[in-house]
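Structure first, then comments.
Residue numbers (this note's numbering): 100 to 161.
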């Protein structure tokens, strides 16, 4: 969804500014892989840490 939004926004900007836009598949794939890795790192680490907690102790701390 972000890739589609980015491409549409770039096309719109290039239309109004008369700049040429060139799509680069390697750049799009690199951005996708980078975002996926960052999302996994910042999603899996807290989830794994929370999975090791005792639910009673975790709720008592709140």
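Every residue, glycine too, gets a C-beta built ideally from N, C-alpha and C.
Predicted model, so just to flag it, every value in this text is computed and none were measured.
Indicate whether residue i and residue j have their beta-carbon atoms separated by less than 8 Å.
i           : j           : result
residue 137 : residue 102 : no
Where does residue i sit, in a helix, a strand or coil, going by DSSP?
i           : result
residue 85  : What is shown of the chain runs 100 to 161, which leaves residue 85 out entirely.
residue 100 : coil
residue 107 : helix
residue 134 : helix
residue 158 : helix
residue 139 : helix
residue 124 : helix
Round the Cβ separation of residue i and residue j to the nearest angstrom and send it over; I've been treating them as touching at under 8 Å.
i           : j           : result
residue 132 : residue 122 : Actually they do not touch by this definition, with Cβ atoms about 17 Å apart.
residue 110 : residue 120 : 6 Å
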